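Participant: This note's numbering puts the sequence shown at residues 82 to 157.
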Amino acid sequence: MEETEAPQRLHLVMGGRVKDPRTLEFQDPESIHVVGVFSDYDSAVEAWRGNAQRTVDDAEMKYVVVHLHRLLTPDA
Numbered sequence: 082m083e084e085t086e087a088p089q090r091l092h093l094v095m096g097g098r099v100k101d102p103r104t105l106e107f108q109d110p111e112s113i114h115v116v117g118v119f120s121d122y123d124s125a126v127e128a129w130r131g132n133a134q135r136t137v138d139d140a141e142m143k144y145v146v147v148h149l150h151r152l153l154t155p156d157a
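Dropping the structure here:
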């Protein structure tokens, strides 16, 4: 049997203080905390969850998972 490798799907986890908790407009984009780039969604969610839970009491802090693979190859 031949093993097939799944295509790499990069995800970025980042966060920072937002102007309004209902939006994704950051107060100071230059100070966004980049948690890292992850090669699969599950790892990205784990990193996102850890950071989001750490700042749960601060409504103005928001962390997100960005699907880089969708930006890099939108037709895929």
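For each residue, glycine too, the CB sits at the ideal point set by N, CA and C.
All of these numbers come straight from a predicted model, not from anything done at the bench.
So, using beta-carbon positions, are valine 99 and alanine 125 closer together than 7 Å?
Facilitator: It is not a contact, given that the beta carbons lie outside the stated cut-off.
Participant: List the endpoints of the continuous beta strand (DSSP E) containing leucine 93.
Facilitator: 92-98 is the extent of the beta strand (DSSP E) around leucine 93.
Participant: Determine the closest residue to glutamine 89 out of Ala133, Ser120, Ala140, with distance taken between C-alpha atoms.
Facilitator: Closest option to glutamine 89, Cα to Cα, is Ser120.
Participant: For tyrosine 144 and alanine 133, which I take to be in contact (beta-carbon distance under 8 Å), what is that distance rounded to the nearest angstrom?
Facilitator: The pair is a contact, with the Cβ atoms about 5 Å apart (cut-off 8 Å).
Participant: Return the Cβ separation of valine 118 and leucine 91 in integer angstroms, given the expectation that the two are a contact with Cβ distance under 8 Å.
Facilitator: Correct: roughly 6 Å between the Cβ atoms.
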